[in-house]
Amino acid sequence: MGILEVKGVGKRFGGLQALGDVNLSVAENTVHAIIGPNGAGKSTLLNCLVGKLIPDTGSVMFDGQSVLGRKPHEINQMGISRVFQTPEIFGDLTVMENMLIPCFAKRDGAFRLHPFETVANERALNERALQMLEDLNMAEKRHMHAASLSRGDKRRLEMAMCLVQEPRLLLLDEPTAGMARADTNNTIDLLKQIKETRDITMAIIEHDMHVVFSLADRITVLAQGTPLVEDVPEKIKGHPKVQEAYLGQAH
Amino acid sequence: MFGLNPRDTRFLLIVVFLTLATPLLLQPFPESSGLAQFNAGYPDLMQRFAIFGIFAIGFNILFGLTGYLSFGHAAFLGVGSYTVVWMYKLLGYNILPGLVLAMVISGLFALLIGFISLRRSGIYFSILTLAFAQMSYNLAYSVLTPITNGETGLQVYSNDPQVLMGANAPTSPHIFGLVMRDSVQLPVGDWLFTFNIGYYFCAIVAILAFYISLRIFRSPFGMMLRAIKTNQTRLNYTGLNPRPYTLAAFVISGIYAGLAGGLLAAMDPLAGAERMQWTASGEVVLMTILGGAGTLMGPVLGAGFIKYFENIFSKINDNVLHAWFAFLPDGLENFLVALMHPFVGKGWHLTLGILFMLVVIFLPGGLIEGGQRIARLFRRRPDSDSRHQPKPAPHVGE
Amino acid sequence: MTNSYLTRRGVLKTGAVAGAGVALPTIFTAGRASAFTNEPMGGTVKLGFNVPQTGPYAEEGLDELRAQELAVEHLNGMGDGGMLNTFSSKALDGTGILGKKVEFVTGDTQTKSDAARASAKSMIEKDGVVMINGGSSSGVAVAVQGLCQEAGIIFMAGLTHSNDTTGKDRKRNGFRHFFNAYMSGAALAPVLEKAYGNDRRAYHLTADYTWGYTQQESIQASTEALGWETANNVLTPVGAGDFSSYIAPVLNAGVDVLVLNHYGGDMVNSLTQAVQFGLRDKQVNGKNFEIVVPLYSELMAEGAGANIKGVYGSMNWNWQLQDEGTKAFVKSFGEKYGRPPSNSAHTCYVQVLLYADAVARAGSFNPCAVVEALEGFEFDGMGNGPTTYRAEDHQCFKDVLVMKGAENPTTQFDVLEVVEVTPRAQVEYAPEHPMFGGAEATLGECNSGA
Amino acid sequence: MQRRAERNFPGEGTMEAIILQILNGLDKGSAYALIALGLTLIFGTLGVVNFAHGALFMIGAFCAVTMQRILNLSFEQVDPSRTDFLGNPLKVQVPYIESWFGPETGGALLDWSVPLSIFLAIPVMIGLGYAMERGLIKHFYKRPHADQILVTFGLAIVLQEIIKYFFGANPIQVAAPSVFSGSFDFGAILGFDPNVIIYPYWRMVYFLFSLAIIGAVFSFLQFTTFGMVVRAGMADRETVGLLGINIDRRFTVMFGLAAAVAGLAGVMYTPILAPNYHMGMDFLVLSFVVVVVGGMGSLPGAVLAGFLLGILQSFASMNEIKSIIPGIDQVIIYLIAIIILLTRPRGLMGRKGVMED
């Protein structure tokens with residue numbers, strides 16, 4: 001029984017069957033990659049997991065509870081964090097403030113009105129945020145505006161913001177898309193470091209085989225909205241169905 | 001001190017000092033000089049500075065922090081005023097019950113309007129708030145005349161019940177006997193300073209309002225509001241629902257507006273429907289942007305700026321101009337008067353319009369940025385070589 | 001009333017006596033030197049002219065301002081003296097008021113009661129005026145009148161036509177020279193009867209605010225007294241601009257008279273549009289369809305252009321009158337500004353003179369003395385014939401003009417012509433008339449601020 | 001305060017009344033639609049909140065006044081037989097145009113001053129729009145909407161104060177050509193009793209005129225390459241920019257076009273509504289409501305919303321409806337706006353993501 005159980009999920013957009021009968025099981029403390037050619041339904045699946053889309057059929061269970069019908073922020077509170085293709089951070093805020101928001105969210109839940117408390121006085125939270133920044137080598141940039149960070153640093157910051165919430169499941173949506181080789185390698189190293197130092201489950205949606213094969217414990221190949229195969233990386237590499245799916249999609 | 005860091009405490013103390021010293025600071029020119037026209041240290045205008053300062057501070061909590069541009073905040077101002085005058089009519093001239101109730105009622109009204117309007121964002125939100133406020137205004141001006149006294153404005157009549165009014169109670173707004181209109185005047189040489197009770201009441205309320213807004217800016221709540229302005233998606237995926245936060249900000253700013261409206265009626269016991277018109281809502285938007293949205297002091301400066309023009313420039317007529325330039329030869333005098341004529345008196349709108357444009361073109365951050373630039377001129381630039389180092393984020397509120 | 005408004009000039013003087021520059025808060029509200037608000041101490045006295053300088057009535061405000069400046073000139077003995085020469089009271093001698101030179105300050109009411117009060121307050125608090133005059137709407141007049149009552153200075157209303165100003169909102173410190181809605185109705189009715197008979201069905205379009213309500217009520221009462229029937233009264237939003245959807249139903253309402261209880265831009269638009277809809281070319285019940293505009297102003301009549309031809313209305317005064325006072329005023333105004341004065345200009349001019357005269361007769365600027373001098377004051381030579389300031393409600397009683405849009409105007413200034421001067425007796429009413437607040441309405445006590 | 005005489009005519013003539021109000025609504029709607037169309041062009045193409053758009057409408061109206069003044073330029077002739085208000089001999093103004101072309105042709109030109117002013121308004125408005133965009137708005141594309149509001153609001157005040165300086169604050173009557181001054185019996189055409197549905201000629205002219213303008217704008221955007229590029233730019237500015245097309249230059253032209261549309265709406269509206277210097281502000285709020293109800297960035301939406309609100313406002317002004325809900329005509333526009341925005345999140349035809357942040 002995995003921490004995330006996707007059973008028979010289907011989703012239509014008008015006449016287009018984006019997802020049809022997807023079954024997926026992500027085991028705890030593993031890195032599970034979902035790969036597939038363009039239009040395979042990877043992003044749709046991800047959006048179904050985080051509450052942005054509601055699937056037409058099937059169920060999505062996280063740690064034994066259904067996530068369907070819950071809003072994104074409620075799903076996050078269940079312990080699922082998401083990293084976006086282009087880093088979503090609070091550009092106008094400083095790096096430190098960016099870190100503090102998930103800390104408060106974690107502590108206070110969905111809403112707590114605290115107009116007379118002072119951010120600076122929340123010692124424990126500040127220390128935790130700083131610790132996380134240090135872990136990711138971002139501490140010396142904590143007073144910078146997030147918008148002025150480099151792209152790689154933005155990714156790092158976003159990752160830190162997700163990790164500081166101590167999620168049980170981290171969803172990564174093409175974390176290296178559009179990155180230069182060096183940045184990609186940095187990101188891989190970062191993810192490896194996270195994987196090694198923390199008890200965390202990760203689900204990665206990725207295009208880049210290099211990334212996938214450096215990280216994943218298990219891989220699901222998605223094509224035309226249905227899973228083709230699911231196996232360990234070594235087996236996926238030479239799998240005929242996978243090659244067919246990718247070659248048929250020649251690009 | 002006061003739960004603030006030393007820097008903010010210093011800031012607050014400066015604000016307190018400036019507010020309390022306003023009657024002196026706004027009276028820089030001797031009475032007999034021609035420039036006395038520019039003195040603004042008389043009670044009514046000082047009260048307006050404080051009151052519209054409160055209005056703008058409150059508006060800034062919504063607009064400056066969350067970025068939600070409400071075009072209907074004047075409705076809360078009007079509701080506050082009407083509440084206070086009705087309390088005069090029903091209970092008596094003590095302003096306290098009215099002010100408290102004004103905050104409660106405008107808060108409830110804001111809760112209702114905010115709950116509906118915040119379902120939309122961007123310009124759709126702005127138009128929803130505008131629509132609510134315009135409906136309130138139009139109805140108050142016409143159909144609701146029995147409650148609002150329409151165009152004339154709600155006022156107290158001698159046959160109103162005023163059940164709590166004692167036999168010797170003052171017959172104008174007061175707080176436990178301290179009459180708002182009373183003043184102490186202090187002549188110093190050719191200067192004349194007026195210390196008005198009403199002003200000091202407004203000033204104390206304004207300082208409190210400012211202090212609360214400062215605390216909100218520095219609080220986790222304020223940080224959440226700024227986060228909403230920057231990136232709602234990330235906030236959602238961080239486990240936070242932005243709606244309660246924006247609604248809370250909307251209600252808080254509505255309460256500020258209601259308080260400001262109540263104070264207007266506390267200084268002058270009449271509530272006119274025009275207070276709710278879209279131009280009044282637009283005015284507070286302009287004040288906030290003009291001063292510098294999202295900064296602590298900016299909106300207050302903007303409020304002062306606009307009210308100063310409205311009250312001082314509109315009173316300069318040709319006679320005054322002639323008096324100023326009387327020392328010049330006739331031809332030059334007439335030329336200068338003719339040159340300035342379109343910009344003062346009935347032309348004060350023109351001057352204001354031009355200044356709006358100049359400020360926004362040359363000072364993108366509003367008046368507050370102008371102040372910062374001037375301050376920078378006087379400050380030594382110690383780190384001109386460290387320009388390439390990461391720039392620390394400016395402290396919010398500067 | 002507690003003492004609240006202080007004398008600026010007065011305090012300066014006493015302050016100087018107490019030892020120039022000694023920073024002592026010697027002057028609390030109780031121990032002041034002056035006997036009433038803003039008592040003029042030096043050689044000058046300041047009056048406040050609070051008129052709309054921005055917004056829809058800016059032009060009217062400008063004309064009021066011209067007249068007020070002229071009045072100040074005449075009071076100070078400059079110019080040709082204007083109506084001072086024809087005024088029945090001879091207390092003023094062209095040396096200012098009580099020997100003090102008259103100065104004035106101006107402000108912008110913006111035709112909003114809030115802004116008007118702010119402007120008036122700054123005049124009282126900053127400039128130390130003893131009297132405020134002007135305004136172009138009833139809302140503003142009532143608001144400023146209330147303020148002047150509280151502050152303890154005199155308010156001489158400008159153009160305000162609502163019954164309320166000297167009705168339910170009357171104040172001891174406020175005076176209105178302008179006529180009111182009731183008088184309009186009373187003056188118009190006989191003329192309408194003569195012109196259109198007494199078997200008519202009228203349809204009212206009424207501006208949806210207090211002035212509109214009182215005017216409509218007055219006109220309805222006086223026309224119904226003739227035997228007219230009031231078919232309908234429709235309230236229209238102020239500043240609606242396009243009145244077509246209110247005018248169109250008139251066509252089929254089976255009525256033969258349309259009464260437009262509008263003023264200013266609303267009047268210009270509703271009248272123009274009614275004419276465009278062909279109302280005036282229609283025959284209903286065998287009679288010509290007619291339009292009536294109860295309150296005219298020449299500035300607005302100019303805006304309505306040719307549409308106003310033959311339309312009846314009423315006015316407080318018109319420059320085309322031929323009495324001596326009018327001629328003198330039109331001459332000095334026309335020579336100075338190159339145009340004849342409007343009736344709001346006339347009212348403001350006369351009000352300034354009346355105030356000055358009352359001060360001169362009372363021998364004091366004390367508002368209570370001025371009130372006493374003005375109450376029941378009878379005068380003549382101010383263009384309206386024999387006039388009385390009634391003591392009970394501070395309303396002036398005088399003849400009312402019934403006007404008609406001229407068929408062949410020669411200039412932009414004579415688009416209206418005087419049809420009849422309705423004698424004063426016909427427009428009088430009891431002070432406790434129900435349209436004027438009934439028996440409950442009182443002036444209250446005079447307030448001098450002391 | 002309710003002092004109405006109760007007397008209605010239920011049932012009788014209901015159909016006629018409805019047709020009349022539809023006609024009135026179409027006319028109001030034409031004005032709303034034209035203003036909103038121009039505003040949407042600016043919103044949609046440039047992403048600029050233009051608070052000076054009402055002022056452009058007002059300037060258009062004053063083009064008609066100016067034209068009338070120009071045609072009326074006169075020299076003075078002393079007429080000794082008459083006197084002016086001061087008793088001096090009357091100076092009669094004789095328009096040059098009448099002395100040049102003779103009273104007949106001259107008079108006809110004067111009579112047609114409103115349609116003639118279109119020829120004045122087009123270059124003036126395009127020029128003004130061009131100058132505004134190049135001189136001011138251009139620098140505000142990347143600034144926050146708040147700054148755009150402040151600067152255009154300042155500009156609107158300046159424009160209206162300039163007009164006030166030259167033309168005064170009073171409404172100025174500008175008459176339609178006398179051919180159109182009357183009204184015609186619309187009901188008779190539809191087979192109703194004569195004299196029940198009367199409609200002024202000029203309002204019909206205005207309605208047809210606005211249809212023509214709307215049609216012209218749409219076909220311009222639909223059928224010219226210029227229009228295609230602009231439409232593409234409205235959809236995705238960056239991509240079009242990447243194609244090497246100078247989209248900015250075209251947007252400048254669009255600004256001129258939008259100004260011209262607003263101006264023409266103003267010119268032709270003058271016989272219906274006597275222009276005054278603050279009419280722009282009166283229309284400003286309304287036009288924003290119309291645009292937003294139509295949906296940000298949607299031209300058909302703006303037109304649709306204009307007509308819809310115009311017609312609903314006319315219906316709300318009917319006595320029958322006002323007697324049920326007093327004051328409904330005062331708030332109907334806002335009420336409809338609220339209902340539409342709550343049921344359709346982006347107005348009638350708005351696109352996702354336009355001006356939502």
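These protein sequences, in sequence, are chains A, B, C and D. In this text, residue positions in the first sequence follow the UniProt record's numbering: the first is 1, and each later residue adds one. In this text, residue positions in the second sequence follow the UniProt record's numbering: the first is 1, and each later residue adds one. In this text, residue positions in the third sequence follow the UniProt record's numbering: the first is 1, and each later residue adds one. In this text, residue positions in the fourth sequence follow the UniProt record's numbering: the first is 1, and each later residue adds one. Note that CB positions come from ideal geometry on N, CA and C, so glycine has one too. These numbers come from a predicted model, not from an experiment.
**Between the CA atoms of residue 175 of chain C and residue 88 of chain C - distance to the nearest angstrom** = 19 Å
**alpha helix (DSSP H) segments (min. 4 residues) lying fully within the stretch 175-230 of chain B** = Runs of the alpha helix (DSSP H) inside the stretch 175-230 of chain B: 197-218 and 220-230.
**Item:** Residues, ordered as in the chain, of the stretch 244-277 of chain B that lie near chain A by beta-carbon distance below 8 Å
**Value:** Those residues of the stretch 244-277 of chain B placed with their C-beta closer than 8 Å to a C-beta in chain A are 244, 245, 248 and 252, ordered along the chain.
**Prompt:** Taking buried to mean at least 16 other C-beta atoms within 10 Å of its own C-beta, is residue 213 of chain B buried or exposed?
**Reply:** buried
**Message:** When you compare the stretch 63-81 of chain A with the stretch 191-209 of chain B, are there three or more beta-carbon pairs, one atom per stretch, that lie closer than 8 Å?
**Reply:** Below 8 Å, too few C-beta pairs join the stretch 63-81 of chain A and the stretch 191-209 of chain B to call them touching: fewer than three.
**Asked** alpha helix (DSSP H) containing residue 113 of chain C: first to last residue?
**Response** 113-122
**Message:** I'd like to confirm the pairing. Which residues does DSSP put opposite residue 396 of chain C in its beta bridges?
**Reply:** Here residue 396 of chain C is bridged, per DSSP, to C/389.
**Message:** With a threshold of 8 Å between beta-carbons, can residue 330 of chain B be considered close to chain C, or not?
**Reply:** No, no contact with chain C.
**Asked** Since residue 145 of chain B contacts residue 210 of chain C with CB under 8 Å, what's their CB separation in whole angstroms?
**Response** Going by Cβ atoms, the distance from residue 145 of chain B to residue 210 of chain C rounds to 7 Å, so yes, they are a contact pair.
**Request:** Evaluate residue 30 of chain C with the Cβ neighbour count: other Cβ atoms within 10 Å of its Cβ, from every protein chain shown; 16 or more gives buried, anything less gives exposed.
**Result:** Confidence is the limiting factor: at residue 30 of chain C the pLDDT is only 35, short of 50, which leaves the residue's position unreliable, though a coordinate-based value still follows. The residue is exposed, with fewer than 16 neighbouring Cβ atoms inside 10 Å.
**Request:** Would you mind reading off the limits of the beta strand (DSSP E) that contains residue 34 of chain A?
**Result:** Segment 31-35, the beta strand (DSSP E) holding residue 34 of chain A.
**Prompt:** Can you tell which of D/317, D/170, D/248 and D/199 has the C-alpha that lies nearest to the C-alpha of residue 142 of chain D?
**Reply:** D/248
**Item:** Backbone secondary structure at residue 197 of chain D - three-state DSSP
**Value:** coil
**Prompt:** What's the call for residue 143 of chain A, buried or exposed, on a 16-neighbour Cβ count within 10 Å?
**Reply:** That one is exposed.
**Request:** Starting from residue 224 of chain B, find everything on chain A with Cβ-Cβ shorter than 8 Å and list it in chain order.
**Result:** 101 and 104
**Request:** Please classify residue 259 of chain C: does DSSP put it in a helix, a strand, or coil?
**Result:** The three-state reading of DSSP puts residue 259 of chain C in strand, counting E and B together.
**Asked** Cβ atoms of residue 304 of chain C and residue 279 of chain C: under 8 Å apart, would you say?
**Response** no
**Request:** For the stretch 132-182 of chain C, list the beta strand (DSSP E) runs that are entirely contained and at least 3 residues long, ordered along the chain.
**Result:** 154-157 and 174-176
**Request:** Using the Cα positions of residue 92 of chain D and residue 98 of chain D, report the straight-line distance between them to the nearest angstrom.
**Result:** Approximately 13 Å between the Cα atoms of the pair.
**Asked** What does residue 231 of chain A pair with, by DSSP beta-bridge criteria?
**Response** A/219
**Item:** Which residues DSSP lists as bridging residue 314 of chain C, in chain order
**Value:** Among the bridge pairs identified by DSSP, residue 314 of chain C is matched with C/295 and C/402.
**Request:** Out of C/127, C/145, C/126 and C/122, point me to the one whose CA is closest to residue 133 of chain C's CA.
**Result:** C/145
**Asked** What in chain B is Cβ-close to residue 128 of chain A, meaning under 8 Å?
**Response** By Cβ distance, chain B contributes nothing, its closest Cβ being about 14 Å from residue 128 of chain A, past 8 Å.
**Request:** Verify whether the separation of the beta carbon atoms of residue 293 of chain B and residue 63 of chain B is less than 8 Å.
**Result:** yes
**Asked** What is the DSSP secondary structure of residue 4 of chain B, reduced to helix, strand or coil?
**Response** coil
**Prompt:** So what does residue 107 of chain C bridge to, in DSSP terms?
**Reply:** C/50
**Contact set between residue 285 of chain C and chain D, taken where Cβ atoms lie within less than 8 Å** = Simply none; closest approach about 13 Å.
**Asked** Name the DSSP bridge partner or partners of residue 66 of chain A?
**Response** A/61
**Asked** Residues in the stretch 345-379 of chain B with C-beta within 7 Å of chain D's C-beta atoms, listed in sequence order?
**Response** 347, 349, 350, 352, 353, 354, 356, 357, 360, 361 and 364
**Asked** Just curious, the beta strand (DSSP E) that residue 49 of chain D is in, first and last residue?
**Response** Premise fails: residue 49 of chain D is in no beta strand (DSSP E) and is neither H nor E.
**Buried or exposed by the 16-neighbour rule on C-beta atoms within 10 Å, applied to residue 147 of chain A** = exposed
**Asked** For residue 203 of chain C, which residues does DSSP report across the bridge?
**Response** C/232 and C/258
**Message:** Quick check on residue 299 of chain B: buried or exposed, where buried means 16 or more other Cβ atoms within 10 Å of its Cβ?
**Reply:** buried
**Asked** beta strand (DSSP E) containing residue 380 of chain D: first to last residue?
**Response** Given a span of 1 to 357 for chain D in the structure shown, any question on residue 380 of chain D remains unanswerable.
**Prompt:** How would you label residue 27 of chain C, buried or exposed, when you count the other beta carbons within 10 angstroms and need 16 or more for buried?
**Reply:** Bear in mind that a pLDDT of 36 at residue 27 of chain C, under 50, signals an unreliable position, so the model cannot answer this.
**Message:** If you reduce the DSSP assignment to three classes, tell me which class residue 352 of chain D lands in.
**Reply:** coil
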